[in-house]
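Worksheet: the structure to be examined is printed underneath.
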Amino acid sequence: MAIPFNRLAPLYEQHRNEYDEAALRVLASGWYVLGKELEAFEQTFASFIGTSYCVGLNSGLDALTLGLRAMGIGPGDEVIVQANTYIATVLAISENGATPVFVEPDSFYGIDPARIEEAITRRTKAIMAVHLYGQPCDMESLTALSQKHGIPLIEDCAQSHGASFRGCITGSFGSLGCFSFFPTKNLGAFGDAGAIVTDDKVLAEKLRMLRNYGSRKKYYNEVCGVNSRLDELQAALLQVRLKHLEEILQERTTIAEYYMNHITNDAIILPKTRPQARHVWHLFVIETESRDTLQHYLEQEGIQTQIHYPVPPHLSQAYAHLGFPEGSYPLTERIAKRTLSLPLYNGMTEGEMDQVCRTVDAFRV
Ligand SMILES: *Cc1c(COP(=O)(O)O)cnc(C)c1O
Numbered sequence: 001m002a003i004p005f006n007r008l009a010p011l012y013e014q015h016r017n018e019y020d021e022a023a024l025r026v027l028a029s030g031w032y033v034l035g036k037e038l039e040a041f042e043q044t045f046a047s048f049i050g051t052s053y054c055v056g057l058n059s060g061l062d063a064l065t066l067g068l069r070a071m072g073i074g075p076g077d078e079v080i081v082q083a084n085t086y087i088a089t090v091l092a093i094s095e096n097g098a099t100p101v102f103v104e105p106d107s108f109y110g111i112d113p114a115r116i117e118e119a120i121t122r123r124t125k126a127i128m129a130v131h132l133y134g135q136p137c138d139m140e141s142l143t144a145l146s147q148k149h150g151i152p153l154i155e156d157c158a159q160s161h162g163a164s165f166r167g168c169i170t171g172s173f174g175s176l177g178c179f180s181f182f183p184t185k186n187l188g189a190f191g192d193a194g195a196i197v198t199d200d201k202v203l204a205e206k207l208r209m210l211r212n213y214g215s216r217k218k219y220y221n222e223v224c225g226v227n228s229r230l231d232e233l234q235a236a237l238l239q240v241r242l243k244h245l246e247e248i249l250q251e252r253t254t255i256a257e258y259y260m261n262h263i264t265n266d267a268i269i270l271p272k273t274r275p276q277a278r279h280v281w282h283l284f285v286i287e288t289e290s291r292d293t294l295q296h297y298l299e300q301e302g303i304q305t306q307i308h309y310p311v312p313p314h315l316s317q318a319y320a321h322l323g324f325p326e327g328s329y330p331l332t333e334r335i336a337k338r339t340l341s342l343p344l345y346n347g348m349t350e351g352e353m354d355q356v357c358r359t360v361d362a363f364r365v
């Protein structure tokens, strides 16, 4: 039986009546953008994270982009970001005309705090931490660095809904926590959606203005904004999904633990989990010398995998103009060559988990 990399329908089926009820309520309401569904979701999500404000936006990329803009980051400014992130984190920096300054990751795929100080200059305006694959960065060191240098921290939580470090949830550490609710994320909508959480009232108000053409009052535009609003339908559906998030994360953890306990192939390096952190397993990422051979073999055996990510941003064609040759960020480049993400989705059966483990264990280089 073939095993896909991901399946989204089981999550809908699990609570189908609740999603249907929410969607139909919005359709019948006659109000589709910037209404009470969004307000309700923003309140619930802010209190879930433990921040005072949440601003719903169109996507995770918009959350990152508008977040930097609201902080006044633009041309001439530098933003420190981990080199091994999804390109959206970097696009948010360049979209504002600022310069990304790449820093290599630690052994948990988060930005390495020990390498940040050498990257700080007078132009550094923010440090971005990406809780990649669902595992929190070293928030103790990052918070200390941010305070020592007076440089704000921005969290990219697109993969880390519900993840925590020493009991504090990701998104609550930085000046801003940026979230994506893209359908495949752990807290996924039924289309594009995103949000920012913050304790800063001024930033929250700026973001509300920016997402709505730069106006606080209709047709009175204070700044050049954009159209980036989380619509009522997605907000209502997300409210249902958020109610079940803990259950979603528990199931993902069960699958990850199954893999951890049953994959015994010496050629495979299993993910390392950071002490005192809760990993929420957005992705289950293994490493191996012979990644491409393993991926091809699994494909032949009917098991779909993905690579997160095959081309690091500094080597992508989009950033060729930055002029980074191969070898600039060796740890990041090594990760791009060695990592492989195994199937992990809600609704996965024990038979499927077992098939993945047995097939991976039968792999010979
Ligand atoms: C998905 C993702 C984004 C972008 O979110 P979208 O909603 O797809 O725009 C940003 N950063 C990371 C780490 C992501 O995984």
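For the record, in the sequence shown the residue sitting at position 356 is 356 according to the UniProt record's numbering, with numbers rising by one throughout. No residue lacks a Cβ here, since even glycine has one placed at the ideal position from N, Cα and C.
With a threshold of 6 Å on Cβ separation, who are the neighbours of A158 within its own chain once the five nearest residues in sequence on each side are excluded? Along the sequence shown, one-based indexing puts residue 158 at 158. The answer, listed in chain order, is G60 and S180.
Determine whether the beta carbon atoms of R364 and R291 lie at a separation below 8 Å. As a first step, residue 364 must be located in the sequence shown, where it is residue number 364. As a first step, residue 291 must be located in the sequence shown, where it is residue number 291. No, the Cβ-Cβ distance between R364 and R291 is not below 8 Å.
If you draw a straight line from the C-alpha of L207 to the C-alpha of L66, how long is it? For the purposes of this step, residue 207 is taken as the residue at position 207 of the sequence shown. For the purposes of this step, residue 66 is taken as the residue at position 66 of the sequence shown. Each residue's Cα considered, the two are about 7 Å apart.
Mapping DSSP to helix, strand and coil, what is V55? For the purposes of this step, residue 55 is taken as the residue at position 55 of the sequence shown. The answer is strand: DSSP assigns V55 an E or B state.
Using three-state DSSP, classify V26 as helix, strand or coil. Residue 26 sits at position 26 when you count from the first residue of the sequence shown. In this structure, V26 counts as helix in the three-state DSSP scheme.
For L132, the three-state DSSP class (helix, strand or coil): Position 132 of the sequence shown, counted from the start, is the residue given in the question as residue 132. Helix at L132.
Same chain, Cβ closer than 8 Å to T184, neighbours up to 5 away in sequence not counted: For the purposes of this step, residue 184 is taken as residue 184 along the sequence shown, with counting starting at 1. Contacts found: N6 and L8.
Let me make sure I understand the geometry here. Which of V356, I80, L27 and A189 has the alpha-carbon closest to that of P4? On the sequence shown, residue 4 is found 4 positions in, with the first residue counted as 1. Closest option to P4, Cα to Cα, is V356.
Less than 8 Å separating the beta-carbons of P152 and M260? As a working note, residue 152 is residue 152 in the sequence shown. As a working note, residue 260 is residue 260 in the sequence shown. No.
Return yes when at least one heavy atom of ligand 1 lies under 7 Å from the C-beta of L64, else no. On the sequence shown, residue 64 is found 64 positions in, with the first residue counted as 1. True, at least one ligand heavy atom lies under 7 Å from that Cβ.
Taking 8 Å as the cut-off, decide whether the C-beta atoms of H282 and N186 are in contact. Position 282 of the sequence shown, counted from the start, is the residue given in the question as residue 282. Position 186 of the sequence shown, counted from the start, is the residue given in the question as residue 186. Their beta carbons are under 8 Å apart, which means H282 touches N186 by this criterion.
Please return the same chain residues whose Cβ sits closer than 6 Å to the Cβ of L11, not counting the five positions on each side in sequence. Here residue 11 is taken as the residue at index 11 of the sequence shown, counted from 1. Answer for L11: N346, listed in chain order.
Are the CB atoms of A40 and Q306 within a distance shorter than 8 Å? Here residue 306 corresponds to residue number 306 of the sequence shown, with the count starting at 1. Here residue 40 corresponds to residue number 40 of the sequence shown, with the count starting at 1. Going by beta carbons, Q306 and A40 fall outside the 8 Å limit.
Can you check the stretch 227–274 for any alpha helix (DSSP H) of at least 4 residues that lies completely inside it and give the ranges in chain order? 232–243 and 245–262
What's the C-alpha gap between N96 and S175? As a working note, residue 96 is residue 96 in the sequence shown. As a working note, residue 175 is residue 175 in the sequence shown. Rounded to the nearest whole angstrom, the CA to CA distance from N96 to S175 is 18 Å.
With a 10 Å radius around its C-beta and 16 neighbouring C-beta atoms as the bar for buried, classify V197 as buried or exposed. In the sequence shown, residue 197 corresponds to position 197, counting from 1. So V197 ends up on the buried side.
Which whole-angstrom value describes the C-beta separation of P312 and E289, a residue pair presumed to lie in contact below a C-beta threshold of 8 Å? For the purposes of this step, residue 312 is taken as the residue at position 312 of the sequence shown. For the purposes of this step, residue 289 is taken as the residue at position 289 of the sequence shown. With a Cβ gap of about 19 Å, P312 and E289 do not count as contacting.
L344: beta carbon under 7 Å from a heavy atom of ligand 1? Translated into the one-based positions of the sequence shown, residue 344 becomes position 344. The answer is no for L344.
Could you tell me how far apart the beta carbons of N84 and I286 are, in whole angstroms, since I believe they sit closer than 8 Å? Counted from its first residue, the sequence shown places residue 84 at position 84. Counted from its first residue, the sequence shown places residue 286 at position 286. So it is not a contact: roughly 15 Å between Cβ atoms.
Of all the options A277, E257 and R252, which has the alpha carbon lying nearest to the alpha carbon of L344? Counted from its first residue, the sequence shown places residue 344 at position 344. When each option's Cα is compared against that of L344, the closest is R252.
Alpha carbons only, please: which of F102, L340 and Y19 is nearest the one belonging to F324? Here the question's residue 324 lines up with position 324 in the sequence shown. Minimum Cα distance to F324 is reached at F102.
Given a cut-off of 8 Å, decide if S228 and N221 are closer than it, judged by their beta-carbon atoms. The residue given as residue 221 occupies position 221 in the sequence shown. The residue given as residue 228 occupies position 228 in the sequence shown. No, the pair does not count as a contact, with Cβ atoms beyond the cut-off.
Could you check whether G188 and L249 sit closer than 8 Å to each other, using their CB atoms as the reference points? Stepping through the sequence shown from its first residue, residue 249 is reached at position 249. Stepping through the sequence shown from its first residue, residue 188 is reached at position 188. No, Cβ-Cβ distance for L249 and G188 is not below 8 Å.
Buried or exposed by the 16-neighbour rule on C-beta atoms within 10 Å, applied to C224: Reading the sequence shown from its first residue, position 224 is the one you call residue 224. Residue burial annotation: C224 is exposed, with fewer than 16 other C-beta atoms found within 10 angstroms of its C-beta.
Whose C-beta lies closer than 6 Å to the C-beta of I93 among residues of the same chain, with five residues either side of it excluded? Here residue 93 corresponds to residue number 93 of the sequence shown, with the count starting at 1. Closer than 6 Å at the Cβ level, and outside the excluded window around I93, lie V79 and P100.
Would you kindly report the start and end of the unbroken beta strand (DSSP E) that includes A195? In the sequence shown, the residue the question calls residue 195 occupies position 195. Per DSSP, A195 belongs to the beta strand (DSSP E) from G194 to T198.
Assuming Q82 and P113 form a contact by the criterion Cβ under 8 Å, report the distance between their Cβ atoms to the nearest whole angstrom. Taking the sequence shown and counting its residues from 1, one reaches residue 82 at position 82. Taking the sequence shown and counting its residues from 1, one reaches residue 113 at position 113. 11 Å between Cβ atoms; not a contact.
Cβ-based neighbour list, K148, same chain, cut-off 7 Å, excluding 5 preceding and 5 following: Here the question's residue 148 lines up with position 148 in the sequence shown. Same-chain partners within the cutoff: there are none.
Quick check on Y319: buried or exposed, where buried means 16 or more other Cβ atoms within 10 Å of its Cβ? As a first step, residue 319 is located in the sequence shown; it is residue number 319 there, counting from the start. Classification of Y319: buried, given that the 10 Å Cβ count is 16 or more.
Give a yes or no on whether the C-beta atoms belonging to T89 and L68 are separated by under 8 Å. As a first step, residue 89 is located in the sequence shown; it is residue number 89 there, counting from the start. As a first step, residue 68 is located in the sequence shown; it is residue number 68 there, counting from the start. Contact: no.
Residue of S172, R166 and F165 minimising C-alpha distance to I154: Looking up residue 154 in the sequence shown gives position 154. If we check each option's Cα against that of I154, S172 comes out closest.
Where does A126 fall in DSSP's three states? Along the sequence shown, one-based indexing puts residue 126 at 126. Here A126 sits in strand by DSSP.
Just mark Y32 as buried or exposed, buried being the case when its beta carbon has 16 or more other beta carbons within 10 Å. Here residue 32 is taken as the residue at index 32 of the sequence shown, counted from 1. With fewer than 16 Cβ atoms within 10 Å of its Cβ, Y32 is classed as exposed.
Within the present structure, is the beta-carbon of G323 separated from the nearest heavy atom of ligand 1 by less than 7 Å? Residue 323 sits at position 323 when you count from the first residue of the sequence shown. When distances are taken from the beta-carbon of G323 to the heavy atoms of ligand 1, even the shortest one reaches 7 Å or more.
Under three-state DSSP, which class holds P4? On the sequence shown, position 4 is the one that residue 4 refers to. DSSP places P4 in coil when its eight states are reduced to three.
For ligand 1, is there a heavy atom less than 7 Å away from the beta-carbon of V240? Counting from 1 along the sequence shown, the entry for residue 240 is found at position 240. Outside the cutoff, so no.
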